[in-house]
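S.K.: Sharing a structure here in structure tokens format.
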Amino acid sequence: MAETIAFIGLGNMGSGMAANLAKAGYAVCAFDLSADALARAKGDGCAVAASAAEAVSGADAVVTMLPAGKHVEAVYNGDVFGAAKPGALFMDCSTIDVATARKVVEAATAKGFAMVDAPVSGGVAAASGGTLTFMVGGTGEAFARAEPILARMGKAVIHAGGAQLAQHRLDLSRAASQLLLAEHLARAEHQGEPEEPLDHLVVDLADQADPVVQAPRSLVLAGGALD
């Protein structure tokens, strides 16, 4: 079991995830560019670092939850790889493009580190409540090390196979769900069904904050755009 975890990226999703790891008994050292995010993490039981490199130094495992691929690549190449101790496990939970995910995993492997890509399904409420679903790509050995950590932040941890397959499969499942929901709602509205019951139906189908639900809900029912 990893005893110390570095958590980098304390945004809307990452803050709740880091808090759940601390609540589970892990020694979490967190970093974010936002002073407010660091103060919140400290209140949630995490130690805070002045840099990503400081957070990673000495950690058994590293979790990243960052906005985009360019941030993931910059953090790993600029801080994580150089500061991590031998044998550290890396888990990137960001939703990023497959090409960047592949590049980062290949770089980690070349340096002798184990790494999984573990994008999530579920919104901010699921991140705070520890009910995320993780679709994990990586070797069986890396998954076995990552699973108990990810399980402290989610309700389901699914091994999708090799690295990057996680993101492929999550994207496909989301796209399929959006298409089916959108078609169902459009047909129902065309047939004269009142909007309010349809809105409640969508909310009941999944986490209201999940993009799988929000896309058809906002675009089909309200005719608007995602928040």
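Residue numbers (the numbering used here): 238 to 464.
All residues carry an ideal CB built from backbone N, CA and C; glycine is no exception.
Quick caveat: nothing in here was measured; it's all calculated off a predicted structure.
1) Which same chain residues, not among the five before or five after G251, have their C-beta less than 7 Å away from its C-beta?
2) If you draw a straight line from the alpha carbon of S271 to that of G253, how long is it in whole angstroms?
3) Kindly indicate the opening and closing residues of the beta strand (DSSP E) around L369.
4) G398 lies in the beta strand (DSSP E); which residues open and close that run?
5) Could you tell me how far apart the beta carbons of G374 and I333 are, in whole angstroms, since I believe they sit closer than 8 Å?
6) Taking only beta-carbon positions, decide if G253 is within less than 8 Å of chain D.
7) Rounded to the nearest angstrom, how far is the Cβ of A286 from that of T241, given a contact under 8 Å?
8) I'd like to know whether the C-beta atoms of D273 and G246 end up nearer to each other than 8 Å.
9) For the segment 344 to 357 against the segment 319 to 328, are there 3 or more C-beta pairs whose distance is under 8 Å?
10) Which runs of the beta strand (DSSP E) spanning at least 3 residues fall entirely within the segment 281 to 369, listed in chain order?
M.R.: This is what the structure holds:
1) In the sequence shown, residue 251 corresponds to position 14, counting from 1. These residues qualify, in order along the chain: F244, M302.
2) Translated into the one-based positions of the sequence shown, residue 271 becomes position 34. Translated into the one-based positions of the sequence shown, residue 253 becomes position 16. Rounded to the nearest angstrom, the two C-alpha atoms are 15 Å apart.
3) Within the sequence shown, numbered from 1, the residue matching residue 369 stands at position 132. First-last of the beta strand (DSSP E) with L369: 369 to 374.
4) Within the sequence shown, residue 398 is the residue found at index 161, counting from 1. Element bounds for G398: 391 to 398.
5) Reading the sequence shown from its first residue, position 137 is the one you call residue 374. Reading the sequence shown from its first residue, position 96 is the one you call residue 333. Wrong, their Cβ atoms sit about 12 Å apart, outside the cutoff.
6) Protein chains in the displayed structure number just one, and chain D is not present.
7) Translated into the one-based positions of the sequence shown, residue 286 becomes position 49. Translated into the one-based positions of the sequence shown, residue 241 becomes position 4. Not a contact, Cβ separation roughly 12 Å.
8) If you number the sequence shown from 1, residue 273 lands on position 36. If you number the sequence shown from 1, residue 246 lands on position 9. Cβ atoms of D273 and G246: not closer than 8 Å.
9) yes
10) 298 to 301, 326 to 329, 351 to 354
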